[in-house]
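As structure tokens, the structure follows; a few thoughts come after it.
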Amino acid sequence: MTYRPDIDGLRAIAVLAVILFHLNSSWLPGGFLGVDIFFVISGYLIGGILYRELSTNTFSLKRFYLRRMRRILPAFFAVVIISVLVGMFLIIPGSNESIALKRTALASVFFAGNLFCALNAGYFTAYAEMQPLNHLWSLAVEEQFYLIYPLILWAL
54 MTYRPDIDGL RAIAVLAVIL FHLNSSWLPG GFLGVDIFFV ISGYLIGGIL YRELSTNTFS
114 LKRFYLRRMR RILPAFFAVV IISVLVGMFL IIPGSNESIA LKRTALASVF FAGNLFCALN
174 AGYFTAYAEM QPLNHLWSLA VEEQFYLIYP LILWAL
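In my numbering, the protein residues as written are 54 to 209.
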């Protein structure tokens with residue numbers, strides 16, 4: 054797909070909305086919707102790639118997953134590793150925060166952060182502020198989409 058500056062502009066607006074919401078939710082009460090914008094952009098771009106490759110019979114499930122991994126995993130693992138290492142120095146070992154950090158790191162590595170948040174305290178609780186990896190719930194949703202959507206289209 055060719056470069057789309059309009060999509061990058063939309064991404065910038067979405068990033069700004071999410072940042073403003075996290076800094077002070079009263080500044081932009083609907084700022085969390087920036088995450089939804091990311092989901093729509095991702096669906097549009099991935100849908101376009103899959104449609105083009107499936108319609109020209111050039112789709113490779115292996116190549117698709119390798120491209121996603123090369124694009125996402127290096128930064129993802131850097132964030133998880135750095136967060137855990139910093140947490141080891143700043144959080145008291147054996148404390149509730151330490152245990153929660155380990156659990157969120159494990160959930161994040163398996164791209165299940167969204168399920169972890171849903172089954173535990175949630176994302177918008179005061180306790181969640183002490184968990185530097187909770188924001189990876191949205192990446193978990195994206196990765197689950199990347200895993201399932203191509204398989205469905207490929208099977209059709």
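Note that the Cβ used here is the ideal one computed from N, Cα and C, for glycine as well.
List the endpoints of the continuous alpha helix (DSSP H) containing threonine 157.
149-162
Among residues of its own chain, excluding the 5 on either side of isoleucine 210, which ones have a beta-carbon nearer than 8 Å to its beta-carbon?
Outside the modelled stretch of the chain, which goes from 54 to 209, sits residue 210, for which no answer is possible.
Give the secondary structure of tyrosine 211 by DSSP, where H, G and I count as helix, E and B as strand, and everything else as coil.
Given that the chain is displayed from residue 54 to residue 209, the structure contains no residue 211 and the question cannot be resolved.
Closer than 8 Å is the cut-off here; do at least three beta carbon pairs connect the region 189-203 with the region 110-128?
yes
Taking Cβ positions, are leucine 138 and glutamine 184 nearer each other than 8 Å?
no
With the cut-off set at 8 Å, would you say isoleucine 145 and isoleucine 94 are in Cβ contact?
no
For isoleucine 145, which of helix, strand or coil comes out of DSSP?
coil
Could you name the residues of the same chain whose beta carbon sits closer than 7 Å to that of isoleucine 205, not counting the 5 residues immediately before and after it, in chain order?
none
Residue span of the alpha helix (DSSP H) that contains phenylalanine 112, given as start and end:
Here phenylalanine 112 belongs to no alpha helix (DSSP H), and DSSP marks it neither H nor E.
Out of curiosity, what's the CA-to-CA distance linking proline 82 and phenylalanine 74?
6 Å
In angstroms, rounded to a whole number, what distance separates the CA positions of valine 194 and leucine 159?
16 Å
Leucine 81, DSSP secondary structure in three states
coil
Which word fits alanine 131, buried or exposed, when buried means at least 16 other C-beta atoms lie within 10 angstroms of its C-beta?
exposed
Considering only residues of the same chain and omitting the five flanking positions on each side of tryptophan 80, which have a CB-CB separation below 6 Å?
Leu73
Cβ atoms of leucine 189 and serine 151: under 8 Å apart, would you say?
no
Under 8 Å by Cβ, that's how I've got phenylalanine 129 and leucine 192 pegged, so tell me the actual separation to the nearest angstrom.
7 Å
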